[in-house]
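In my numbering, the protein residues as written are 5 to 418.
Glycine residues also receive a C-beta, built at the ideal position from the N, C-alpha and C atoms.
Comments concern the structure below.
Right under this line is the structure:
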């Protein structure tokens, strides 16, 4: 196993192809963020710093959110629209992020909108996001298993960088029934006209005097403080937790395995950095989930370590590494003879890996070498013949040139 030296190979990709590559590259990332990270609900006049917001986009945070919502529903003795709304909301308070069960009661006075049902509507943005992320995850899983297993990450290029991240969308399925965006909360001291503007409702000018909002949802708080949820050591909750961990390990384990080349294979610079990116995410996510599950700290829909310094450093490190990977992939990606894109170099040593089933049949270096599928050369017959040939030419006259043919195709003869 070795790492191929970095090579700049993308100079021949036209602008229109760049647009397509970037679209395919960032689509899974955008879907991951849009579906897994809802808009925060501010119950304080203060606002989070950029490093506080950044942690919400971490794949570990999103995976925990899907797990915690489902686990809370399993422990619920009763489940209503307020439980659905408060479990989906990401609350920012004067003490920081808060997704605990206590917010189910504490958030009631700040509620301005509740869903119609305690489960996801079939025709809703939440359900549409579930469908999109599931299809992307299924496509990525299929591609990783069947399309790339033979080349072991050699085929990874700019357009497939975040395919493994799409697999995270499959974890959304366990919580899909209870995911919704039909809720709204507001800070207690905001003027009514700001609340109306946020909800896009007509402003009643008689009510423009700043005052404390009396919750429009008219939710009654539980004066006795009786918990609506079983304890976190609930048997069904524990069983689900470990099943979720096994599924998490299985899905990401497949990804990591495909990022480890066979002994006679190799890494490109892009694939090495990409493998490092996902190998960092997997153990941190598994260790965090297992630790909090074992200690019973599963009563919050926001991962408990979200405000710790080490988690912020971990998140910022992932972001920096992702930016670095995209830049390197932009420079290394090139279009192969079979029409796909790859980051493997086109050197003679590695060109057998470029297109599966394609092999070089004619190579040349220098201006004096004949180059082409059929090349007229000095011979006795002056005959040019091509017999059942399927292949492609690549290179520039005057420098290196190569002709590829597909397996089963006869070679060109001069």
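| Query | Result |
| --- | --- |
| Just to confirm the assignment, what range does the alpha helix (DSSP H) spanning residue 334 have? | 313-336 |
| Do residue 26 and residue 162 have their beta-carbon atoms positioned less than 9 Å apart in this structure? | yes |
| So what does DSSP say about residue 376, is it helix, strand or coil? | Below a pLDDT of 50, predicted positions are generally treated as unreliable, and residue 376, at 49, falls in that range; the measurement from the model is reported next regardless. In the structure shown, residue 376 sits in coil (DSSP, three-state: anything other than H, G, I, E or B). |
| With a 10 Å radius around its C-beta and 16 neighbouring C-beta atoms as the bar for buried, classify residue 98 as buried or exposed. | exposed |
| Could you give the C-beta distance for residue 48 and residue 191, rounded to a whole number, given that I count them as a contact under 8 Å? | 6 Å |
| For residue 93 and residue 322, what's the separation of their Cα atoms in angstroms? | 25 Å |
| Does the beta-carbon distance from residue 64 to residue 119 come in below 9 Å? | no |
| Answer with buried or exposed for residue 309, where buried requires no fewer than 16 other C-beta atoms within 10 angstroms of its C-beta. | buried |
| What's the gap between the Cα of residue 316 and the Cα of residue 341? | 43 Å |
| Are the Cβ atoms of residue 101 and residue 56 separated by less than 9 Å? | yes |
| Which one or two residues does DSSP pair with residue 291 in a beta bridge? | Residue 291 pairs with nothing; no bridge assigned. |
| Pull up the distance between the alpha-carbon of residue 229 and that of residue 23, whole angstroms please. | Residue placement at residue 229 cannot be trusted, given a pLDDT of 49 that sits under 50; the coordinates are not used to answer. |
| For the alpha helix (DSSP H) that residue 100 lies in, which residues bound it at each end? | Not the alpha helix (DSSP H): residue 100 falls in the beta strand (DSSP E), residues 100-102. |
| Return yes when the Cβ of residue 35 is within less than 9 Å of the Cβ of residue 137, no when it is not. | yes |
| Where does residue 339 fall in DSSP's three states? | strand |
| Which residue's Cα is closest to the Cα of residue 173: 12, 331 and 32? | 32 |
| The alpha helix (DSSP H) spanning residue 54 covers which residue range? | 54-58 |
| What is the rounded straight-line gap between the Cα of residue 232 and the Cα of residue 80? | 6 Å |
| Indicate whether residue 330 and residue 115 have their beta-carbon atoms separated by less than 9 Å. | no |
| In this structure, what does DSSP give as the bridge partners for residue 3? | Residue 3 lies beyond the residue range present for the chain, which begins at 5 and ends at 418; the question has no answer from this structure. |
| Take residue 248 and list the residues in its own chain whose beta-carbon comes closer than 6 Å to its own, dropping the five residues that flank it on each side. | 71 |
| Using the Cβ count rule (16 or more neighbours within 10 Å means buried), how would you classify residue 272? | buried |
| From 349, 346, 344 and 337, pick the residue whose C-alpha is nearest to that of residue 15; which is it? | 337 |
| With which residues is residue 174 paired in a DSSP beta bridge? | Answer is none; residue 174 lacks a bridge partner. |
| Should residue 50 go down as buried or exposed, given a rule of 16 or more other Cβ atoms within 10 Å for buried? | exposed |
| Starting from the Cα of residue 252, find the closest Cα among 237, 287, 17 and 76 and give me that residue. | 287 |
| CA-CA distance, residue 246 and residue 141? | 21 Å |
| Could you please give the first and the last residue of the uninterrupted beta strand (DSSP E) stretch that includes residue 74? | Looking at the DSSP string, residue 74 is not in any beta strand (DSSP E); the run it does join, the alpha helix (DSSP H), is 63-79. |
| Going by the beta-carbon positions, is the gap between residue 307 and residue 68 smaller than 9 Å? | yes |
| Can residue 105 and residue 76 be called in contact, C-beta distance under 9 Å? | yes |
| Tell me which same chain residues have a C-beta within less than 7 Å of the C-beta of residue 319, skipping the five on either side of it? | 58, 59 and 62 |
| Could you check how far apart the C-beta atoms of residue 171 and residue 256 are, in whole angstroms? I think they sit under 8 Å. | 7 Å |
| Can you have a look at residue 235 and say buried or exposed, based on whether 16 or more other CB atoms are within 10 angstroms of its CB? | exposed |
| Based on the DSSP output, what are the partners of residue 189 in its beta bridges? | 115 |
| In angstroms, rounded to a whole number, what distance separates the CA positions of residue 110 and residue 300? | 22 Å |
| Assign residue 108 to one of three DSSP states: helix, strand, or coil. | helix |
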